[in-house]
Amino acid sequence: MPYGSEARAELEQGPLRYFPVVPGRLEFAVEVRRRILADRPAIVAVELPWMLQKAYLRAIERLPEMSVIAYPDGADDDAAIYVTVEPADPFIEAIRSAQEIGSTVIFLEPDVAEKPHIDDAYPDPYALRQIGYERYIEAYRQHPQRITEETDLHAAGVAWKLQGADPLANTLVVLSLNLLDPLLIAMEVPQDPPAERNKGFEVEVINPHPDCLAEITAEYPYLQDRYEFYRLDGKDDAAVDRPRVQLALLRDAEKQYEINTGEKVPHWARIALAKYARKLAHTAGMLIPGVFDLTIAAQSIVDDNFGWETWRMANRYLTQQSSCELETVNLSGEEVWLHTKKLRLRRRLPNAKQRLRPAGLKPRKKEKFAGEWAKETNGSAICSYPPEDFVIENYGRFLKKQAKSIVSEERARVEPFSTSLLDGVDIRETIRNWHERKIYVRKLDRLSGEVGAVAVIFDEDSAGKYQYMTTWLGEHQNESDMAFYSTFPFEHIVGPGIGRAEYGGFLMVLPPRRMMDVWTDPDYDLAESKSERLLLAAIDYSVERNIVYVAAKPPRSVFRAIAARLNRKILYIPIGQLSPVKLKKIRVVHVLDGYKRRDQAKEYIW
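As structure tokens, then:
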């Protein structure tokens, strides 16, 4: 195999300049455009089916809006093959750049149904940015792929078309990298015209729906959207550097995640996500993770919601329209149908990238048009979502037990065993003083009285984020009266008359149907914040002596004095001692626009 200058000479034979590429990969599209604009060849020959030339040119006219070319599969009358026409494909870029400089375009592929699927595995194209185009090609050719009879026939058909081109015109030949060596061999002898077996079939250009692009394209839409901006500028290819684009994608996904869930992705999760995605890529023999890897990492490290936002952000392609002069079809990466005909994904060459939507993500309903669900919200009444009530009541009971346990632990004393085991053997203290040959026992000072009210403060709201303040009453004897402050639920509508909000803090008190509106009660005007108003209400409405107060910092001493005067006691639990997973689960609240929404809420709440 030739190396260095000898290899470059082999790719430049007279007026012909061979430019092998990896199909469907953005890095090679960048190199193709750069080469064409620099050399300005008279002819650009591309390894695409000449019988689909008219359809390709029609689809390229629509760019940057993507298209799909569909045509019957000769092997099956009821099946069809489809090919996506996307901007970051090097063959498509070769045609666009050639048209831009006024070059003639030649389609070289002889027979669309007979092209062999060559078993191949390309090195990660991202390596091209590190080692350069020529070294990448040389490294690949050191390990040539197996050449079959079908490969020779295909190369012969391409060579025949190429030999019929203008022999004096400067011609750039853009072809698949794994066809380079067979074509160079075929070009050494004159070739006969290949048999044409696919005359008369119908070719259709269709518009893929924006929601399905990530499943049917070789490069994910978010990256291709960046590529279109790079084409307009053409100066700094850092705009299409994969790691930078992926970082931007995850940041945009984080913003949507925070809007939709009220949660932020912690710094440690970003680091863990990057490491996990990198390991997934290395497992597949790649340098940089693909969108599938990013989605799995986002789902595994953070949660399903962030995985969903990452996938949806990767699918964002601003130019694509859901309706146009062509028929719009929502295609699937696994099994595609059109006019009741089964379509099969036609990969130009086998690729390690899986074009599948990640499994395990709950689908969410969408509005038919912007503002549809808001129009169904009249604001005449509000109510809670019963499954969430059940979860938060259970957590309130847990906090009461936890508070009693913490206080008992704080009051516990340890002493050597004498006449009674008291509340059990203290194993730790016994082992620590084993040299004394004594057994130590523990005595717990039980908390007197029961726990009444429970107040949980997630955020003191010093920034004024939580402006929705309300009080609602329990609907039966086992459901607490509740006062809370949160984000405004109907600014984030997730279903018809269903708003999603994030608690800043809440108060729960039993028995129900006793609580007045906490937020307008003048008795609590001495409070300096929303959290202090809730604590005052907890002291006021609790029928039991003890009150649980969960927050990042303890209450001011004045509130302990107020509680003592009313024979109440505040049991403070630092919020950092509680499970962040549980807190995250109970922090989201859905407000329904009337009781009639409860039956359909489960279809929209996630």
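Here the sequence shown is numbered in the working numbering, starting from 336 and rising by one per residue.
For every residue, glycine included, the Cβ atom is placed at its ideal position computed from N, Cα and C.
The beta strand (DSSP E) enclosing residue i, as first and last residue numbers
i, result
"residue 402", "402-408"
"residue 352", "351-356"
"residue 841", "833-844"
"residue 443", "439-444"
"residue 908", "904-909"
"residue 382", "378-384"
"residue 575", "Here residue 575 belongs to no beta strand (DSSP E), and DSSP marks it neither H nor E."
"residue 482", "No beta strand (DSSP E) holds residue 482; DSSP gives it neither H nor E."
"residue 853", "Segment: none, residue 853 is in no beta strand (DSSP E) and carries neither H nor E."
"residue 828", "828-830"
Endpoints, alpha helix (DSSP H) assigned at residue i
i, result
"residue 428", "425-436"
"residue 648", "639-649"
"residue 807", "No alpha helix (DSSP H) holds residue 807; the beta strand (DSSP E) holding it covers 803-807."
"residue 928", "No alpha helix (DSSP H) holds residue 928; DSSP gives it neither H nor E."
"residue 870", "865-876"
"residue 371", "361-374"
"residue 629", "626-636"
"residue 893", "892-900"
"residue 879", "Per DSSP, residue 879 belongs to no alpha helix (DSSP H) and is neither H nor E."
"residue 463", "462-466"
"residue 707", "707-710"
"residue 916", "915-922"
"residue 395", "388-397"
"residue 818", "Careful: residue 818 lies outside any alpha helix (DSSP H), inside the beta strand (DSSP E) at 816-821."
"residue 887", "Residue 887 -> no alpha helix (DSSP H), and no H or E assigned at all."
Contact belief for residue i with residue j at Cβ below 8 angstroms, rounded distance in angstroms
i, j, result
"residue 789", "residue 843", "5 angstroms"
"residue 801", "residue 834", "Going by Cβ atoms, the distance from residue 801 to residue 834 rounds to 14 angstroms, so no, they are not a contact pair."
"residue 384", "residue 442", "6 angstroms"
"residue 847", "residue 809", "3 angstroms"
"residue 404", "residue 387", "6 angstroms"
"residue 359", "residue 424", "5 angstroms"
"residue 644", "residue 592", "5 angstroms"
"residue 616", "residue 623", "6 angstroms"
"residue 791", "residue 818", "In fact, because the Cβ distance is near 12 angstroms, the residues do not count as touching under 8 angstroms."
"residue 547", "residue 666", "5 angstroms"
"residue 608", "residue 506", "Rounded, the Cβ-Cβ distance is 47 angstroms, inconsistent with contact."
"residue 486", "residue 525", "Their Cβ separation, rounded to whole angstroms, is 19 angstroms, which puts residue 486 and residue 525 out of contact at 8 angstroms."
"residue 515", "residue 353", "6 angstroms"
"residue 540", "residue 657", "The Cβ separation is near 17 angstroms, so there is no contact."
Beta-carbon contacts of residue i that lie in its chain and below 8 angstroms, excluding the five residues immediately before and after
i, result
"residue 776", "749, 750, 751, 752, 755, 756, 757, 758, 759, 760 and 761"
"residue 774", "751, 752, 760 and 765"
"residue 726", "920 and 921"
"residue 537", "406 and 407"
Chain-order list of residues whose beta-carbon lies under 6 angstroms from that of residue i (same chain, five-residue window excluded)
i, result
"residue 399", "422, 563 and 654"
"residue 463", "362 and 471"
"residue 555", "549, 626 and 649"
"residue 734", "789 and 883"
"residue 728", "none"
"residue 429", "367, 379, 381 and 509"
"residue 553", "359"
"residue 588", "644, 645 and 648"
"residue 327", "Nothing can be reported for residue 327: it is not among the residues displayed for the chain, which extend from 336 to 941."
"residue 621", "459"
"residue 683", "Because residue 683 sits at a pLDDT of 39, beneath the cut-off of 50, its placement in the model cannot be relied upon, and the following sentence gives the value as read from the coordinates. The answer, listed in chain order, is 358."
"residue 436", "375"
Residues near residue i by beta carbon distance below 7 angstroms, same chain, minus five either side
i, result
"residue 501", "378"
"residue 871", "859 and 862"
"residue 737", "908"
"residue 895", "905"
"residue 849", "816 and 876"
"residue 930", "718"
"residue 468", "366"
Please determine if the stretch 926-933 and the stretch 819-833 are in contact, where contact requires at least 3 C-beta pairs separated by less than 8 angstroms. Using a C-beta cut-off of 8 angstroms, the stretch 926-933 makes contact with the stretch 819-833, since at least three inter-stretch Cβ pairs fall below that distance.
Quick one: complete alpha helix (DSSP H) runs, 4+ long, within the stretch 714-752? Correct list: 721-746.
Kindly confirm or deny that the stretch 871-884 and the stretch 896-916 touch, where touching means at least three C-beta pairs closer than 8 angstroms. Flag = yes, the stretch 871-884 and the stretch 896-916 touch.
List, from N- to C-terminal side, the beta strand (DSSP E) runs of 3 residues or more that fit wholly inside the stretch 750-800. With a minimum length of 3 residues, the continuous beta strand (DSSP E) runs that stay inside the stretch 750-800 are 775-778 and 786-792.
Contact between the stretch 851-867 and the stretch 621-637 (3+ Cβ pairs under 8 angstroms): Result no; under three Cβ-Cβ pairs closer than 8 angstroms.
Tell me whether the stretch 515-530 and the stretch 386-396 touch, counting them as touching only if at least three CB pairs, one residue from each stretch, are closer than 8 angstroms. Output reads no: the stretch 386-396 does not touch the stretch 515-530.
Complete runs of the alpha helix (DSSP H) confined to the stretch 588-624 [at least 4 residues]: If we require 4 residues or more, the alpha helix (DSSP H) runs fully inside the stretch 588-624 come out as 602-618.
Indicate whether the contact test is met: 3 or more Cβ pairs, each with one atom in the stretch 912-924 and one in the stretch 887-902, closer than 8 angstroms. As far as the Cβ criterion goes, the stretch 912-924 does not touch the stretch 887-902, which means the pair count is below three.
Within the stretch 490-559, ranges of the alpha helix (DSSP H) (whole runs, at least 4 residues): Those alpha helix (DSSP H) runs which fall completely within the stretch 490-559 and span 4+ residues are 515-521 and 548-551.
Does the structure place the stretch 651-667 close enough to the stretch 487-496 that three or more beta carbon pairs sit under 8 angstroms? Touching, no.
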